[in-house]
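Here's the structure, in structure tokens; my notes come after.
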Amino acid sequence: PQLAVDADAIYFHATGGREIVPDLFVTGGVRRLALKYDIRLGDLPNFARKPGVWDPLIGLGWHRVGRTLEFHGTFEGGGFGVGADVDLSGMFRLDWKPISHFGITAGYNVLYFKVTDTLVNRTFVVKQTMHGPILGIGLYF
């Protein structure tokens, strides 16, 4: 039989914070995690779903901003059973700004989540850990 699977990951993340001591912030925000999939197997009807969660987040952020170097570190936890059962993330990043309004960034990010979903009276548990390097350019204003 012929099998076709189309899957799209959807990710959104927004946080804000308040400085509690120099360079240390308490943060709050929201993260959206979703997976949209469409499965076709031979002549059977398509099976399509878009399970996802909106997770409230709380955390800490450390941001040391200099003229040419910036250091950033964050840790966030969330879910609390509202969306995911568990949603944890951590990040460290270094921004180098060799000229005004332009920079290069590099670091590392880790995201772990656990989601429980019930479909057709069956419980599915998804545990996922994603991690990897961060590399990019920045425009600073």
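Take any residue in the sequence shown, count from 1 to its spot, add 313: that is its number in our numbering. Just so you know, even glycine gets a beta-carbon here, dropped at the ideal spot from N, CA and C.
Can you check DSSP and say which residues form a bridge with residue i?
i	result
Q441	F426
G392	DSSP lists no partner for G392.
D398	Bridge partners of D398: none, in fact.
Exposed or buried, what is residue i when buried is set at 16 or more other beta-carbons lying within 10 Å of its beta-carbon?
i	result
E389	buried
G379	exposed
V334	exposed
V428	buried
A397	buried
S402	buried
Taking the beta strand (DSSP E) that residue i belongs to, which residues open and close that run?
i	result
G329	316-334
F454	Looking at the DSSP string, F454 is not in any beta strand (DSSP E), and its letter there is neither H nor E.
D356	First-last for D356: undefined, no H or E at that position.
P364	Taken as a continuous stretch (DSSP letters only), P364 belongs to no beta strand (DSSP E), as it is neither H nor E.
Can you list, in chain order, the residues of its chain whose CB lies under 8 Å from that of residue i, leaving out five sequence neighbours each side?
i	result
F338	G330, R331, E332, L373, G374, W375, H376
T436	T429, D430
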